[in-house]
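Undergrad: Per this note's numbering: the sequence shown = residues 4 to 274.
For every residue, glycine included, the Cβ atom is placed at its ideal position computed from N, Cα and C.
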Amino acid sequence: MMASTSSSCFRESNKCPSVALMFQVGEKATFYNMGGCKDMPGSCTSKSCRGHEVDIMHFSIGNAIPGRLYGGNHIDNAAGNGNDRFGHLVDVYAWNPHCRYLDGVGPKENNSNAQNDWHGAWWHSSLTFHSGFVDDDNPYGQQDEKGTYYFEFSRPLRTMDQFQQDAQFTIGRPSNMSVALWYPDDGKAWSNSDHYSASCNWLVLDIQPSSEATYYRPAPNRSWDAATGFALLLSVVAICMSIFVGYRFSRNRSTAQFTPLEQIQFAEERH
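1) Taking the Cβ atom as the reference point for each residue, do residue 75 and residue 94 lie within a distance shorter than 9 Å?
2) Please report how far the alpha carbon of residue 168 lies from the alpha carbon of residue 97, in whole angstroms.
3) DSSP three-state call for residue 68: helix, strand or coil?
4) Which whole-angstrom value is the C-beta distance of residue 107 and residue 99, which I expect to be below 8 Å?
5) Pull up the distance between the alpha-carbon of residue 51 and that of residue 42, whole angstroms please.
6) Which term fits residue 118, buried or exposed, when burial requires 16 or more other beta carbons within 10 angstroms of its beta carbon?
7) Report yes if the CB atom of residue 178 is closer than 9 Å to the CB atom of residue 202, and no otherwise.
8) I need the straight-line Cα distance from residue 189 to residue 147, nearest angstrom please.
9) Where does residue 94 fall in DSSP's three states?
10) Helix, strand or coil: how does DSSP classify residue 239 here?
11) Rounded to the nearest angstrom, what separates residue 87 and residue 231 at their Cα positions?
12) Under a three-way DSSP split, which group does residue 131 fall into?
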């Protein structure tokens, strides 16, 4: 996205750009109202809102160093939730905007030993110091410097989720998703509902197999072919030798001398 940098957002996440990805999990989950369950705050449960689940990845870059990887980490995953205490790239599920929780957190019956399966990083085109940044380098860019923000995210196709908190992806099978962006206009902090959307309804995410996988053919078992070829060669040589010996014997049969066994025994007795 084309936007200017801001040196005032450090440690203030709602004064920094923020991005979220939302995926449909439940069959009745709608794009509008973040799943569309009609329950009010405090009354949402996995039973009353069943089928309205959406999976959300939210990354707010307020204290995230550019070019560094954030998201799932051993400390927060050991606590059994989708938090990210280092860079605020969190794994969330929701039934509506009022019933939104970190994975592994929420109504009692929906608690689980969850984890954050997402990883991501951010960058801005005005940042030319490619040898790396540290926390003390902030602000990383000049105030209001124009350029492009870059966000990169990754996650396994499948997770260990057991409570409809994560979308499960399949190669060749489309999934519904949406993208939202929060950006501070004129340096003013944004609110939760003050965001831009990439579409007015679900977008289709279709994960296609790679071209290499499409045209993949198993390599021949070369060790088996070599062994078979060697055995076949020996068989041919053996047949040729048999024919040659038989031919030579048939030619010399008329001149070959034959000594009866009785004569050999008689000669031995005389000696």
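TA: Well, looking at it:
1) Your numbering for residue 75 matches position 72 in the sequence shown. Your numbering for residue 94 matches position 91 in the sequence shown. Taking 9 Å as the Cβ cut-off, residue 75 and residue 94 qualify as a contacting pair.
2) For the purposes of this step, residue 168 is taken as the residue at position 165 of the sequence shown. For the purposes of this step, residue 97 is taken as the residue at position 94 of the sequence shown. C-alpha separation (whole angstroms): 8 Å.
3) The count along the sequence shown starts at 1 and reaches residue 68 at position 65. Note: residue 68 maps to coil in three-state DSSP.
4) For the purposes of this step, residue 107 is taken as the residue at position 104 of the sequence shown. For the purposes of this step, residue 99 is taken as the residue at position 96 of the sequence shown. About 19 Å separates the two Cβ atoms, so there is no contact after all.
5) If you number the sequence shown from 1, residue 51 lands on position 48. If you number the sequence shown from 1, residue 42 lands on position 39. Roughly 8 Å between the two C-alpha positions.
6) Looking up residue 118 in the sequence shown gives position 115. Per the 10 Å Cβ criterion, buried.
7) Position 175 of the sequence shown holds residue 178. Position 199 of the sequence shown holds residue 202. Between residue 178 and residue 202, the C-beta spacing is not below 9 Å.
8) Within the sequence shown, numbered from 1, the residue matching residue 189 stands at position 186. Within the sequence shown, numbered from 1, the residue matching residue 147 stands at position 144. When only Cα atoms are considered, residue 189 and residue 147 end up about 10 Å apart.
9) Here residue 94 is taken as the residue at index 91 of the sequence shown, counted from 1. Correct three-state label for residue 94: strand.
10) Translated into positions along the sequence shown, residue 239 becomes position 236. Of the three classes helix, strand and coil, the one that applies to residue 239 here is helix, per DSSP.
11) Position 84 of the sequence shown, counting from 1, holds the residue named residue 87. Position 228 of the sequence shown, counting from 1, holds the residue named residue 231. Residue 87 and residue 231: Cα-Cα distance of roughly 58 Å.
12) Within the sequence shown, numbered from 1, the residue matching residue 131 stands at position 128. In this structure, residue 131 counts as coil in the three-state DSSP scheme.
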